[in-house]
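Structure first, commentary second.
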Amino acid sequence: MTSGPTGHAVRRELHNRILVVTVDNPPVNALGVAVRCALSDAIEAAEQDASVDAVLLIGAGRNFIGGADIKEFGKPPLPPSLPAVCNRIEACRKPVVTAIHGAALGGGLEIALAAHYRVAVANAKLGLPEVTLGLLPGAGGTQRAPRLIGAKAALDLMLSGRHVGAREALALGLVDRVGETDDVLNEGLACVQALLDAKAPVRRTREADGLADRMASRAAIEAARAETSKNARGLFSPLKIVDAVQAALELPFDDGLRHERQLFLQCLDSPQRAGLIHAFFAEREVLKAPETRHAKARAVTSVGVIGGGTMGAGIAVALLDAGLPVTMIERDDASLARGRAHIEKVYDGLIAKGRMTSEAKAAVLTRWNGSTSYDALASADLVIEAVFEDMTVKQAVFAELDRVCKRGAVLATNTSYLDIDAIAASVSRPGDVIGLHFFSPANIMKLLEVVVPAQVSADVVATAFALAKRLRKVPVRAGVCDGFIGNRVLAIYRAAADHMMEDGASPYQIDRAVREFGFPMGPFQVSDLAGGDIGWATRKRRAATRDPNARYVQIADRICERGWFGQKTGRGYYLYPDGARTGTPDHEVEALIDAERERANITPRAFSDEEIMRRYMAAMINEGANVVHQGIALRPLDVDVTFLYGYGFPRHRGGPMKYADSVGLVNVLADIRAFAKEAPVFWKPSPLIVELVERGATLASLNHSA
Ligand code: 3HC
Ligand code: NAI
1 MTSGPTGHAV
11 RRELHNRILV
21 VTVDNPPVNA
31 LGVAVRCALS
41 DAIEAAEQDA
51 SVDAVLLIGA
61 GRNFIGGADI
71 KEFGKPPLPP
81 SLPAVCNRIE
91 ACRKPVVTAI
101 HGAALGGGLE
111 IALAAHYRVA
121 VANAKLGLPE
131 VTLGLLPGAG
141 GTQRAPRLIG
151 AKAALDLMLS
161 GRHVGAREAL
171 ALGLVDRVGE
181 TDDVLNEGLA
191 CVQALLDAKA
201 PVRRTREADG
211 LADRMASRAA
221 IEAARAETSK
231 NARGLFSPLK
241 IVDAVQAALE
251 LPFDDGLRHE
261 RQLFLQCLDS
271 PQRAGLIHAF
281 FAEREVLKAP
291 ETRHAKARAV
301 TSVGVIGGGT
311 MGAGIAVALL
321 DAGLPVTMIE
331 RDDASLARGR
341 AHIEKVYDGL
351 IAKGRMTSEA
361 KAAVLTRWNG
371 STSYDALASA
381 DLVIEAVFED
391 MTVKQAVFAE
401 LDRVCKRGAV
411 LATNTSYLDI
421 DAIAASVSRP
431 GDVIGLHFFS
441 PANIMKLLEV
451 VVPAQVSADV
461 VATAFALAKR
471 LRKVPVRAGV
481 CDGFIGNRVL
491 AIYRAAADHM
501 MEDGASPYQI
511 DRAVREFGFP
521 MGPFQVSDLA
531 GGDIGWATRK
541 RRAATRDPNA
551 RYVQIADRIC
561 ERGWFGQKTG
571 RGYYLYPDGA
581 RTGTPDHEVE
591 ALIDAERERA
601 NITPRAFSDE
611 EIMRRYMAAM
621 INEGANVVHQ
631 GIALRPLDVD
641 VTFLYGYGFP
651 RHRGGPMKYA
661 DSVGLVNVLA
671 DIRAFAKEAP
681 VFWKPSPLIV
691 ELVERGATLA
701 SLNHSA
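For the sequence shown, the residue numbers in full-length UniProt numbering are 1 to 706.
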């Protein structure tokens, strides 16, 4: 073996007569400009060098290549372009083989498709996930993949963005063989040697015949177009993917490539691409809370859960699913049995859908223990309290935990609104107390607000982040305040929706406008799903401390007074006849709203959907900015991730803070000021927005690492 020149982020080594080209660009071997240059140079050199018979292309570290360097998108392009590099590889006159381990995604798979032969080892995962970033495979993927594996399979990969393992890749024809070991270098060398021994020709994907059955290809494209038009929910790139595959069928390869490029550039320029890539980086940035860098997580091998109601049971399922043993504490045997039944119901649902076996359920439940005595928590490493939302009850629970839990146990509360500093102050070990705010259903919803009270130790915060990872949740660090990040902001935009409803918009119009913006549900549908009684109880609790000058819309109270709590009672804002899951508008609710308008002396006016969304978003953005300004959220991106993962904010818009930048903070501020003219108590511009507008800066400028 001899060594050749070391390129930027790409190494070359000669193994007998095979040039091994290793992409070594941590963390994921993304195809930044240095890698692109060095790959082109390596192919050029291999072609020129008489001592080289073939090229083996591999990746260093845990992956082959994670794709194009996403950080370069939106910046001026630097040559060589990725399509040019792929073409250069394909044009090579000597065989080029890729051996794939770990991720070969997006541009990474496109490099592999441009090579002449492909081998994958068992841990390989291949995919064209560009659609998840608002893009399409833009380095020949839309032209080569259908030629290699047919239009139907290629469209499925590109439209779903899913990853396939080595075996499936072989079955699809994406790779030529699957290695017997995980040793990518030796598997690759063996493959190249076998090809050389067999004098296998250079074989170019552009000439592959996967589209030869034109009728079947056309049918697959039309089916994908119909399906995508129906389901793309306002997304831009999916239909462009279908267009690009159509070009693959109808145009010669090079013309198809040019067409793909045009479509790719349209996607690259779209605000959706910017929103989706913001979301990609933001969901990774939230993991970097300061405590996770400076402190080591405590070991957690067993967990206690207090309360087996909606949240306690969901949290227990999330913990059990992550393989942790759970001890549940309830008030009495009957409540404990109900808690256990709630958990079983989740697993029985999975069994009914064929997604779990009874044996698997039994195995999971061996990790569950129940007790009505706190003493059962003596050895728990972490306890999560999910009892009634009442400070006295919670402090009584924490007094018990203080009594029985071992030193070093983490004591967490799932409270939605209560002051966690006050809970911490009530025990002898405030440094161990933290908020773990799960969202309902807790075993499904991805968001976990990690609420950090003043006295908590850094290693407890680090433990919360480590637990989130184990539970496959997305943790966001939040400070203590009424509602933390999410529910605090929700209270404000929900109030804005109530104001509009009382001023003349129907709840059905508001819900529709919000859905059309991209949320899966509008605020009144959410209320019907969650149960109107929960908010009603909170409003009653707060009635005494409510600002008498603040506008208070009573429509929700009138609805609750009738026992209309939403889906569970068959009616709320909507009617749900015979247990229906989607509601139908209710004339009685409309009449009740009319009566409330009259009582409040309001002459209803018309709202356009556009005005509804401007007000709704302005309220959300303004409070989001307050939350950042007061240090409740570390950065604007933490607010974005909270809304993406806990409140159904449309991902392609990146989150409310990203959205604010995209429409222009100056415009948002102008709206808020205009609304403030008629309702100055409710609409107070956030000092942060005012300051950023004065400086001509964006919210994104505050997204530096925490
Ligand atoms: N470009 C730039 N940075 C990237 C990147 C990329 N394509 N992929 C990952 N990173 C960064 C992450 O931001 C993270 O940075 P950080 O440590 O500073 O936070 C770091 O690499 C590690 O990423 P993960 O934490 O996600 O690492 P994992 O080991 O969990 O996962 C992975 C690795 C499966 C490769 C995952 O990172 C991933 O899915 N990456 C994106 C894959 C993708 O979408 N590729 C398509 C890109 S678009 C394209 O190729 C266009 C082309 O068609 C022209
Ligand atoms: P729930 O009423 O469904 O369940 C509460 C459970 O706690 C009941 O089973 C009750 O028997 C038990 N309990 C009460 N006092 C107890 C005690 N002293 N010891 C042991 N068990 C006791 O309430 P839910 O909805 O599960 O809420 C629990 C907590 O989670 C509240 O703090 C709530 O604010 C919070 N939360 C609720 C969300 C939701 O959507 N329901 C979302 C996020 C947080």
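Glycine included, each C-beta is placed from N, C-alpha and C at the ideal position.
Which residue's Cα is closest to the Cα of valine 526: Thr582, Gln143, Pro77 and Ser51? Thr582
Could you give the first and the last residue of the continuous beta strand (DSSP E) run that contains asparagine 369? 368-371
Just checking valine 397 against the ligand NAI - is the residue's beta carbon closer than 7 Å to any of the ligand's heavy atoms? yes
Which residues have a Cβ closer than 6 Å to any heavy atom of the ligand 3HC, listed in chain order? Pro27, Val28, Ala30, Asn63, Gly66, Gly67, Ala68, Asp69, Ile70, Lys71, Leu82, Ala103, Leu105, Gly106, Gly107, Glu110, Pro129, Glu130, Leu133, Leu135, Pro137, Gly138, Ala139, Gly141, Phe281 and Arg284
At the level of alpha carbons, what is the spacing between valine 20 and threonine 98? Computed Cα separation, rounded: 10 Å.
Are glycine 102 and asparagine 123 touching if we call contact CB-CB under 8 Å? yes
Excluding the 5 residues preceding and the 5 following valine 387 in the sequence, name in chain order all residues of the same chain whose CB lies nearer than 7 Å to its CB. Ile306, Gly307, Val393, Lys394 and Val397
Assuming threonine 327 and leucine 382 are in contact, meaning their beta carbons sit under 8 Å apart, how far apart are those beta carbons, in whole angstroms? With 8 Å as the limit, threonine 327 and leucine 382 do not qualify as a contact, their Cβ atoms being about 11 Å apart.
Valine 23 beta carbon less than 8 Å from that of isoleucine 89: no
Within the same chain, show all residues whose beta-carbon is closer than 7 Å to that of glycine 646, passing over the 5 residues directly before and after it, in chain order. Phe439, Met445, Leu447 and Gly486
With respect to 7 Å, is the separation between the Cβ of alanine 380 and the closest non-hydrogen atom of the ligand NAI below this value? no
Given this structure, state the Cα-to-Cα distance separating arginine 512 from serine 506, to the nearest angstrom. 10 Å
Determine the burial state of arginine 605: buried for a count of at least 16 other Cβ atoms within 10 Å of its Cβ, exposed for fewer. By the 10 Å Cβ count, arginine 605 comes out exposed.
Should glutamate 285 be labelled buried (16 or more other beta-carbon atoms within 10 Å of its own) or exposed? buried
Considering tyrosine 659, what are the terminal residues of the alpha helix (DSSP H) in which it resides? 656-663
Quick one: what's got a C-beta closer than 7 Å to methionine 627's C-beta in the same chain, skipping five residues either side? Per the sequence presented here, residue 627 reads as valine, with methionine not at that position. Excluding sequence neighbours, valine 627 sits near Ile485, Arg488, Val489, Ala633 and Val639.
Nearest-angstrom Cα distance between glutamine 272 and glycine 134? 6 Å
Taking Cβ positions, are valine 35 and alanine 9 nearer each other than 8 Å? Yes; because the gap between Cβ atoms is below 8 Å, this pair is in contact.
My guess is that aspartate 432 and valine 460 are in contact by the Cβ rule of under 8 Å, so how many angstroms apart are they, rounded? 6 Å
Cα separation between leucine 377 and serine 229? 54 Å
Nearest-angstrom Cα separation, counted from arginine 167 out to arginine 17: Here the alpha carbons of arginine 167 and arginine 17 stand approximately 30 Å from one another.
What first and last residue would you give for the beta strand (DSSP E) that runs through tyrosine 647? That residue, tyrosine 647, is in no beta strand (DSSP E); it is neither H nor E in DSSP.
By a C-beta neighbour count over all protein chains shown, 10 Å radius and 16 as the cutoff for buried, is valine 282 buried or exposed? Residue identity differs from the one stated: residue 282 is alanine in this sequence, not valine. Classification for alanine 282: buried.
On the DSSP bridge assignment, give the partners of threonine 327 in chain order. Gly304 and Asn369
Which residue wins for smallest C-alpha separation from glycine 161, given the options Ala139, Thr413, Gly106 and Met657? Gly106
Neighbourhood of aspartate 533 by C-beta distance below 7 Å, restricted to the same chain and skipping five residues each side: Cys560 and Phe565
Where glycine 696 falls, given that 16 or more other Cβ within 10 Å makes a residue buried: Exposed, since its Cβ has fewer than 16 Cβ neighbours within 10 Å.
Integer-rounded CB distance, given that alanine 466 should sit under 8 Å from alanine 297: 4 Å
Which residue marks the beginning of the alpha helix (DSSP H) containing isoleucine 444, and which one marks its end? That residue, isoleucine 444, is in no alpha helix (DSSP H); it is neither H nor E in DSSP.
Once DSSP output is grouped into helix, strand and coil, what is the label at glycine 566? strand
Is the beta carbon of methionine 311 within less than 7 Å of some heavy atom of the ligand NAI? yes
Backbone secondary structure at proline 201 - three-state DSSP: In this structure, proline 201 counts as coil in the three-state DSSP scheme.
Keeping to the same chain, check which residues put their C-beta closer than 7 Å to that of leucine 644; ignore five residues upstream and five downstream. Ala279, Arg651 and Gly655
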